[in-house]
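Asker: Residue numbers (this note's numbering): 549 to 600.
1. Within its chain, find whatever has a CB closer than 8 Å to the CB of residue 578; leave out the 5 residues flanking it on each side and keep chain order.
2. If we ignore side chains and look at the alpha-carbon of each, how far apart do residue 595 and residue 586 end up?
3. Straight-line CA distance for residue 567 to residue 582?
4. Under the three-state reduction of DSSP, which class applies to residue 599: helix, strand or coil?
5. Roughly how many angstroms lie between the CA atoms of residue 598 and residue 551, to the nearest whole one?
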């Protein structure tokens with residue numbers, strides 16, 4: 549579903565970033581931002597579903 553599509557998109561973006569010459573730390577920031585965003589939205593979803 550959505551998780552698989554976003555993971556594939558993240559891999560494509562990271563691969564493109566390597567080819568374009570982004571610094572190493574910028575490429576490592578992508579998965580960290582992805583994990584933080586997924587954690588935030590999963591938490592918010594759980595809070596909303598608690599009251600549904």
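Just so it is clear, CB atoms sit at the ideal spot from N, CA and C, and this is done for glycine as well.
Answerer: By the coordinates alone:
1. 558, 561, 562 and 565
2. 14 Å
3. 20 Å
4. coil
5. 22 Å
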